[in-house]
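A short worksheet on the structure shown next.
Numbering (my numbering), first residue to last: 35 to 280.
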């Protein structure tokens, strides 16, 4: 065997060949990694959601924490359940697996909308009303879910574009806010998600591409969680407050 063939054969156990116009079938190693990368975050997401709700002091903070916290739990749970169904040979081509895939993709839209909701509820803008902006963002999410139900896996690049549009357009409302503390972290988290899309589209090209995408999702969500917790629920003390406590 030539030196050029050995690395190729070695990587075959970690990545299958990509077939045009067909869904990529991960290797056993990739299936396991897909399950573990989000499965290990289910319990931490419950703890994180509880922390948000615990520190909520107003009705708006409570509902923001409840919506975002539950979306965080649903994101990692639905992803893990779907990938576990793919991992199990009995369900790899079953109706249940296809249903769970639709649910997994729909939850992504819900998570995007839920990520913006705390900012829209707790940081009113001078031009656009809070109710209008929240309704607009969730309407976009519902349209994305409807598209997902009707055309699941049919137009993959268009599907990705929908995720990007729903994820980026609401940022226009956030930029209009008078208080911009935490918006930098919100933007960085969004940038992490956008960079991760590269790996999301690289199944069969890069080994463990989908698992790497999962890692980007975690880091993006962690940055957004930090921003919500730090700037919307438990804002940093001002200099005057610090001196008053000394």
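Don't be surprised by glycine CBs; every beta carbon is placed ideally from N, CA and C.
As the structure is a computational prediction, the values presented were derived from the model and not from experiment.
Counted within 10 angstroms of its Cβ, other Cβ atoms place residue i as buried (16 or more) or exposed
i	result
residue 141	buried
residue 172	buried
residue 247	buried
residue 180	exposed
residue 128	exposed
residue 237	buried
residue 259	buried
residue 184	exposed
residue 71	buried
residue 57	exposed
residue 252	buried
residue 31	As shown, the chain starts at 35 and ends at 280. That puts residue 31 outside it, with no answer to give.
residue 88	exposed
residue 263	buried
residue 108	buried
residue 189	exposed
Cβ-Cβ distance between residue i and residue j below 9 Å
i	j	result
residue 106	residue 83	yes
residue 66	residue 101	no
residue 174	residue 204	yes
residue 60	residue 68	yes
residue 257	residue 197	no
residue 159	residue 114	no
residue 119	residue 130	yes
residue 242	residue 63	yes
residue 240	residue 233	yes
residue 226	residue 254	yes
residue 117	residue 178	no
residue 207	residue 162	yes
residue 86	residue 228	no
residue 186	residue 244	no
residue 121	residue 76	no
residue 250	residue 230	yes
residue 95	residue 139	no
Simplified DSSP state of residue i, which is helix, strand or coil
i	result
residue 176	helix
residue 237	coil
residue 157	coil
residue 214	coil
residue 167	helix
residue 131	helix
residue 28	Because residue 28 is not part of the residues shown, which for the chain are 35 to 280, the question remains open.
residue 251	helix
residue 276	Confidence at residue 276 is low in this model, with a pLDDT of 34, below 50, so its placement is unreliable and the value that follows should be read with caution. Correct three-state label for residue 276: helix.
residue 349	Since the displayed the chain opens at 35 and closes at 280, residue 349 lies outside it and no answer follows.
residue 242	coil
residue 256	helix
residue 146	helix
residue 262	helix
residue 222	helix
residue 162	coil
Heavy atom of the ligand MG within 8 Å of residue i beta-carbon
i	result
residue 99	The ligand MG is absent from the structure shown, which contains no ligands of any kind.
Query raised in the report: Given 8 Å as the limit, is there contact between the region 140-158 and the region 210-220, that is, 3 or more CB pairs closer than that?
Result: In short, these stretches touch, since the Cβ pair count reaches three.
Requested in this report: Could you name each continuous alpha helix (DSSP H) segment of 4 residues or more that falls completely within the region 45-129, going from the start of the chain to the end?
Outcome: Those alpha helix (DSSP H) runs which fall completely within the region 45-129 and span 4+ residues are 62-73, 76-89 and 93-121.
Query - Whole runs of the alpha helix (DSSP H) within the region 177-211, excluding any shorter than 4 residues - result: Within the region 177-211, the complete alpha helix (DSSP H) runs of at least 4 residues are 190-202 and 205-209.
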